[in-house]
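Just add 1370 to the spot in the sequence shown (first one is 1) and you have my numbering.
What follows is a single structure, written as structure tokens, with notes after it.
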Amino acid sequence: MNWKLLGKNRSGAVPVPGPSADGRDSPPGKAQEALQQRYELGPLLGRGGFGSVFAATRLSDGAPVAIKCVPRDRVRLWGELPDGTRAPMEIVLLDRVSSGCAAVIQLLEWLELPDSFVLVLERPQRCQDLSHLLAERRFLPEEEARGLFRQVLEAVQHCSSCGVLHRDIKPENILLDLATGQLKLIDFGCGAFLQDTAYTQFAGTLSYSPPEWIHQQRYHGQAATIWSLGLLLYQLVIGKHPFMRGQQIIWGRILFPRRLSQECQDIIKRCLSMQPSDRPSLEDLFRDPWMQAVHLP
């Protein structure tokens, strides 16, 4: 794979360095060279609205990593790192949440190229996102879904404690390490700082938007997160999204197969309450009767 694909310099400008793993700035003009010296670029893993992700290998120890390239002109939100460096909001948020929770993807380092930003992220050797897992297996038994859902709750709890709102929780943004059963919440490209006041701009996936956004074009972060968690759990145990169109979200009709326990149905219904104030808190979910039987993988 050609490294030039990551940061093609159309303007002829010298790359602007970002902090490296040891906390020091790379010398001017050396950012892409540093990447080439530290990593072997592999195949494309995926491409989305905010950039492309490649598999790569760290040359110093052979560790697998993911390298995400975000074009500068696609960066919509900017923030400031603790040292005062201006950076895309995704990097700022990852800097906050990358340590302290195994269920959140770790940002190893980042660099700035002339017309893009490069994020180096941890990557389990054998992993699969939950959307692909569900495509293969259709749905998961409740016991298995509980263990995975608890890890997602722990990731969200950690993000909240760091003042971060993910805003795009869905199966595609959750990686499963097939060897260990450990989950990783990934892709903070739609994220924001957590705030007590309502958000009036939507970011994320529209089919995961809560009914208050559809009705009023505003939502509160924690309540919207609980809504997305309800959708996620439904998909884990049923295998499909409960609301395929916006109108169905407004109606709020949820159908369950008979095989699903009443306790599982109840926790999903509570998360998917039409009124934000009727939804449980994260702490409520941890204490929910359905969650008490969790056996971690």
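Where a beta carbon is used, it is the ideal one built from N, C-alpha and C, also for glycine.
Residue i and residue j closer than 8 Å at C-beta
i	j	result
F1509	G1609	yes
H1536	L1555	yes
D1499	L1464	no
G1449	V1462	yes
L1483	A1401	yes
L1503	G1533	no
I1539	L1602	yes
E1542	S1501	yes
L1652	S1531	no
H1611	S1577	yes
Q1495	A1549	yes
R1649	C1641	yes
L1451	F1656	no
V1423	G1412	no
L1447	M1459	yes
R1678	F1487	Past the boundaries of the shown model lies residue 1678; the chain is included only from 1371 to 1667, so the question cannot be answered.
Range covered by the beta strand (DSSP E) that runs through residue i
i	result
D1465	Where D1465 is concerned, there is no enclosing beta strand (DSSP E), although the alpha helix (DSSP H) it sits in stretches over M1459 to V1467.
C1497	C1497 to D1499
C1471	Careful: C1471 lies outside any beta strand (DSSP E) and carries neither H nor E.
I1437	P1434 to P1441
L1553	L1553 to L1555
L1489	S1486 to E1492
A1425	G1421 to R1428
Candidates the options: closest to residue i by CA position
i	options	result
E1513	M1644, Q1586 and V1607	V1607
Q1521	Q1402, R1444, V1474 and S1631	V1474
A1593	L1603, S1579 and V1467	S1579
L1481	C1529, Q1406, R1446 and P1452	Q1406
R1516	E1582, G1412, G1551 and F1487	G1551
I1637	A1525, V1488, L1447 and F1519	F1519
G1600	E1506, Q1527 and K1639	K1639
P1511	D1443, G1454 and Q1605	Q1605
A1472	A1525, Q1635 and C1497	A1525
Q1632	P1646, P1659 and R1623	P1659
H1528	R1408, G1470 and S1647	G1470
For residue i, the three-state DSSP class (helix, strand or coil)
i	result
I1544	strand
S1631	coil
L1655	helix
N1503	It is worth fixing the name first, because residue 1503 is Leu in this sequence and not Asn. Residue state, collapsed to three classes: helix.
R1446	coil
P1413	strand
P1389	A caution first: P1389 carries a pLDDT of 43, below 50, which makes its placement in the model too unreliable to give a value.
R1408	helix
R1456	strand
Residue i beta carbon near the ligand GTP (any heavy atom closer than 7 Å)
i	result
V1474	Inclusion of the ligand GTP in the displayed structure is not the case, the ligand content being empty and no account of it being possible.
Boundaries of the alpha helix (DSSP H) in which residue i is found, first to last residue
i	result
Y1604	G1591 to I1608
C1529	E1512 to S1531
Q1586	P1581 to Q1586
Spatial neighbours of residue i in its chain, beta-carbon cut-off 6 Å, leaving aside the 5 residues before and after
i	result
V1435	A1426, R1428, V1490 and R1493
Q1476	S1468 and E1492
G1421	K1438, C1439 and V1440
D1547	P1494 and C1497
D1557	N1543
R1466	C1532 and V1534
D1654	none
Residues near residue i in its chain [Cβ-Cβ closer than 7 Å; skip 5 each side]
i	result
E1410	A1426, T1427 and L1429
G1338	Absent from the structure is residue 1338, since the part of the chain shown begins at 1371 and ends at 1667.
R1394	In this predicted model, R1394 has a pLDDT of only 37, less than 50, meaning its place in the structure is not dependable enough to derive any value.
R1380	Any reading at R1380 is ruled out, since the residue's pLDDT is 28, under 50, leaving its predicted position unreliable.
8 Å CB neighbourhood of residue i in its chain, flanking five on each side removed
i	result
T1570	Q1587 and R1588
R1444	G1419, F1420 and G1421
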